[in-house]
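Asker: Pasting a structure here, questions to come.
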Amino acid sequence: MNQASLLHKAALSFGERPAVTAGRNVLYNYRDLSDRAARLGGAMANALGLNKGDRVAIMMKNAPAFFEVLYGAWHAGLNAVPINAKLHPREAAYILENSGARVCFITDDLNATITPLVGEIPGLEAVIPTTGADYDALIEGPAVPMVDCAPEDIAWLFYTSGTTGRPKGAMLSQRNLMSMVMNYFADMDTIMAQDCMIHGAPLSHGSGLFALPHVAKAANNVIPDSGGFDPAETLELLPHFPNASFFFAPTMLTRLINMPGIEQADTANIKTIVYGGGPMYVEDTLKALEVLGPKLVQLFGQGEAPMTITGLSRAMHMDTQHPDYLKRLGSTGIARTDVDVRVVDADDNDVAVGEMGEIVCRGDVIMAGYWNNPEATAETLRGGWLHTGDVGAFDEHGFLTLMDRAKDMIISGGSNIYPREVEEVLLRHDGVSECSVVGRPHADWGEEVIAFIVANGDEKIAEAELNSLCLDHIARFKRPKEYRFIAALPKNNYGKVLKTELRSQLAAEQEDG
Numbered sequence: 014m015n016q017a018s019l020l021h022k023a024a025l026s027f028g029e030r031p032a033v034t035a036g037r038n039v040l041y042n043y044r045d046l047s048d049r050a051a052r053l054g055g056a057m058a059n060a061l062g063l064n065k066g067d068r069v070a071i072m073m074k075n076a077p078a079f080f081e082v083l084y085g086a087w088h089a090g091l092n093a094v095p096i097n098a099k100l101h102p103r104e105a106a107y108i109l110e111n112s113g114a115r116v117c118f119i120t121d122d123l124n125a126t127i128t129p130l131v132g133e134i135p136g137l138e139a140v141i142p143t144t145g146a147d148y149d150a151l152i153e154g155p156a157v158p159m160v161d162c163a164p165e166d167i168a169w170l171f172y173t174s175g176t177t178g179r180p181k182g183a184m185l186s187q188r189n190l191m192s193m194v195m196n197y198f199a200d201m202d203t204i205m206a207q208d209c210m211i212h213g214a215p216l217s218h219g220s221g222l223f224a225l226p227h228v229a230k231a232a233n234n235v236i237p238d239s240g241g242f243d244p245a246e247t248l249e250l251l252p253h254f255p256n257a258s259f260f261f262a263p264t265m266l267t268r269l270i271n272m273p274g275i276e277q278a279d280t281a282n283i284k285t286i287v288y289g290g291g292p293m294y295v296e297d298t299l300k301a302l303e304v305l306g307p308k309l310v311q312l313f314g315q316g317e318a319p320m321t322i323t324g325l326s327r328a329m330h331m332d333t334q335h336p337d338y339l340k341r342l343g344s345t346g347i348a349r350t351d352v353d354v355r356v357v358d359a360d361d362n363d364v365a366v367g368e369m370g371e372i373v374c375r376g377d378v379i380m381a382g383y384w385n386n387p388e389a390t391a392e393t394l395r396g397g398w399l400h401t402g403d404v405g406a407f408d409e410h411g412f413l414t415l416m417d418r419a420k421d422m423i424i425s426g427g428s429n430i431y432p433r434e435v436e437e438v439l440l441r442h443d444g445v446s447e448c449s450v451v452g453r454p455h456a457d458w459g460e461e462v463i464a465f466i467v468a469n470g471d472e473k474i475a476e477a478e479l480n481s482l483c484l485d486h487i488a489r490f491k492r493p494k495e496y497r498f499i500a501a502l503p504k505n506n507y508g509k510v511l512k513t514e515l516r517s518q519l520a521a522e523q524e525d526g
């Protein structure tokens, strides 16, 4: 079992189909991509002296070479370590050292910051830009037979975003990735060779993972010229690529649907937008459906269960006549076909329907563990279930509503307050563009609710309006005690709001006071 075999099978049957496109220019068809991956895999084994199981880091902004490096590493039986190109060099250095990567492939823009790490990080032997004579020489070498891999062999070290400490490397095996690929076909979407995926989100994470089922079906992988996500560029590309799919973080989807003129834009070529990786509020989802039509699929997953725990299908998004439609639209859907999902208490006992608890899951998609971290592995995979750290509840029909990370829950006066519930209400106000709710320590109540608000444009929002809105929809004790109006919410490189920074800001103010 080797993910590289899916590329080579696609090349055998659909060799002339475009495989990698930069902007509007097709660079390689599937026969070319398969050949380049086999040659690069041979160079990794021979010229670079890498052995089966060695780690190969890939730190690139979205670029066409990502695919041949990724599949070349797998062709040679190596373990890929994709790293977000937006990380600080110190953050990248930690991942390179922790993973034990011997070689790191980069885009030219990272040459000055990443190449000097060769002399600093033990075991890192080379940093290789994917343009230039050295890289070309690797590609021009002889192809070698694909290395056979066991299902348990590690294929991808997926480093978590590290918002609460050092990132951990989730070990994703060949079986894990194959399960994810098959689950995409079973629960998310069909893919034909005439389809494409436009990669605006980082290939080092979700978009790269969802490239795998597209490669398996010989679909075109399109890299925007910017190497990232720009709503205007996305709309410019769309007329040239029928049947286009995307993976978007919720913040990317909301940027697209809120850009000026979107209602008049030609979005007919959008086939599917899979969104996940953070909260998508009901008001935003309704607007996306109104603007884009029936093209949304939601996922709830983690790096430890790549893109696969629960999902809200396209049909569920459009089941407007169901009496629980809005409630379901605010959920993360139902358990994916090949995953068992439970909600448990602190002793890992199932809680009743409607009660909050930690979400745990198991299945062939669940990681093998954390790289060189047996303590974290034992804690997270205790009892054979992945403990996600997310809090949620099932309804009587198996729809999972995700509230917050356990660490984000606010306890005020002995009552649990889930920030997302308050955020959903605040976003009903037309003047609220984004918001984030956190707890601030309080001497009497334990914590009190503080809301950080990003307004639409220069609009002024009266706090009395927000208070009234909250009192109309949630219990009085959940209403924010203070509203902070800010220009932008702090976010990490994947678009997730950094509530830790907001809490730290409040704590620092209390210390200064």
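So for the sequence shown, the numbering used here puts the first residue at 14; every next one is plus one.
For each residue, glycine too, the CB sits at the ideal point set by N, CA and C.
The model shown is predicted, which means the values in this text are computed figures rather than measured ones.
Say whether the region 441-459 touches the region 392-412, bearing in mind that this needs 3 or more beta-carbon pairs closer than 8 Å, one atom from each stretch.
Answerer: Flag = no, the region 441-459 and the region 392-412 do not touch.
Asker: Compute the Euclidean distance between the alpha carbons of Cys209 and Arg30, then round it to the nearest angstrom.
Answerer: 11 Å
Asker: Give a yes or no on contact between the region 146-163 and the region 203-221, applying the rule of three or more CB pairs nearer than 8 Å.
Answerer: no
Asker: With three or more beta-carbon pairs closer than 8 Å as the criterion, would you say the region 71-80 touches the region 20-35?
Answerer: yes
Asker: Return yes when the Cβ of Ser18 is within less than 8 Å of the Cβ of Ala231, no when it is not.
Answerer: no
Asker: My output table needs one value for Trp384: the three-state DSSP class, helix, strand or coil.
Answerer: When secondary structure is reduced to three states using DSSP, Trp384 falls in the coil class, being assigned neither helix nor strand.
Asker: When the Cβ atoms of the region 269-279 are set against those of the region 343-355, are three or more pairs found closer than 8 Å?
Answerer: no
Asker: So, using beta-carbon positions, are Arg355 and Thr323 closer together than 8 Å?
Answerer: no
Asker: Using a Cβ-Cβ cutoff of less than 7 Å, which residues in the same chain neighbour Asp121 once the five nearest sequence positions on both sides are dropped?
Answerer: So the qualifying residues of the chain are Pro142 and Thr144.
Asker: Can you list, in chain order, the residues of its chain with a C-beta nearer than 8 Å to that of Asp238? Leave out the 5 residues immediately preceding and following it.
Answerer: Ala35, Gly36 and Glu246
Asker: Roughly how many angstroms separate the alpha carbons of Leu46 and Leu325, rounded to a whole number?
Answerer: 33 Å
Asker: In the DSSP assignment, what are the bridge partners of Asn533?
Answerer: Residue 533 lies beyond the residue range present for the chain, which begins at 14 and ends at 526; the question has no answer from this structure.
Asker: Using CA atoms only, rank isn't needed, just tell me which of Gly213, Gly182, Thr173 and His227 is closest to Val194.
Answerer: His227
Asker: Per DSSP, which one or two residues make a beta bridge with Asn189?
Answerer: For Asn189, which the question treats as bridged, DSSP gives no partner whatsoever.
Asker: According to DSSP, is Asn271 helix, strand or coil?
Answerer: coil
Asker: Which residues bound the beta strand (DSSP E) around Lys529?
Answerer: The question about residue 529 has no answer, for the chain in this structure spans 14 to 526.
Asker: Taking only the alpha-carbon atoms, compute the straight-line gap between Lys300 and Met293 and give it to the nearest angstrom.
Answerer: 11 Å
Asker: So, using beta-carbon positions, are Val451 and Lys512 closer together than 8 Å?
Answerer: Yes. Within cutoff.
Asker: Of the choices Leu61, Asp403, Val438 and Val467, whose alpha-carbon is the least far from that of Phe118?
Answerer: Leu61
Asker: Just the C-alpha distance for Val13 and Ala206, rounded to the nearest angstrom, thanks.
Answerer: Past the edges of the chain, shown from 14 to 526, lies residue 13, and the structure says nothing about it.
Asker: To the nearest angstrom, report how far apart Lys99 and Val357 are at their CA atoms.
Answerer: Roughly 36 Å between the two C-alpha positions.
Asker: Is the distance from the Cβ of His88 to the Cβ of Gly66 below 8 Å?
Answerer: no
Asker: Compare the Cα-Cα distances from Thr401 to each of Ala257, Pro387 and Ile379 and report the closest residue.
Answerer: Ile379
Asker: Which same chain residues end up closer than 7 Å to Gln311 when comparing Cβ atoms and leaving out the 5 residues on each side of it in sequence?
Answerer: Tyr288, Gly289, Met293, Gly324, Leu325, Thr345 and Gly346
Asker: Among Leu439, Leu185, Pro244 and Gly136, which one has its Cα closest to the Cα of Asp485?
Answerer: Leu439
Asker: Is it buried or exposed, Gly367, if we count other Cβ atoms within 10 angstroms and call 16 or more buried?
Answerer: exposed
Asker: Decide if Ala93 is buried, meaning its Cβ has at least 16 other Cβ atoms within 10 Å, or exposed.
Answerer: Flag for Ala93 reads buried.
Asker: Who are the near neighbours of Thr177 in its chain, counting only those whose CB is closer than 8 Å to its CB and skipping five residues on each side?
Answerer: Caution applies to Thr177, whose pLDDT of 47 falls short of 50 and renders its modelled position unreliable; the model cannot decide the point.
Asker: Measuring CA to CA, which of Pro273, Thr298 and Pro215 is closest to Phe259?
Answerer: Comparing alpha carbon positions, the residue from Pro273, Thr298 and Pro215 closest to Phe259 is Pro215.
Asker: Please classify Gln334 as buried or exposed, where buried requires at least 16 other C-beta atoms within 10 Å of its C-beta.
Answerer: exposed
Asker: By alpha-carbon positions, which one of Thr285, Glu524, Pro102 and Ala58 ends up nearest to Thr128?
Answerer: Pro102
Asker: Would Val352 and Thr390 qualify as a contact pair, given that the criterion is a beta-carbon distance under 8 Å?
Answerer: no
Asker: What does DSSP give as the partner residues of Pro95 in its beta bridges?
Answerer: Ile71
Asker: So, is Asp525 buried or exposed, given that buried needs 16 or more other C-beta atoms within 10 angstroms?
Answerer: exposed
Asker: What separation, rounded to the nearest whole angstrom, lies between the Cα atoms of Leu515 and Tyr431?
Answerer: Each residue's Cα considered, the two are about 16 Å apart.
Asker: Here's a check: name, in chain order, each residue in its chain whose Cβ is nearer than 8 Å to the Cβ of Pro135, leaving out the five neighbours to either side.
Answerer: Glu110
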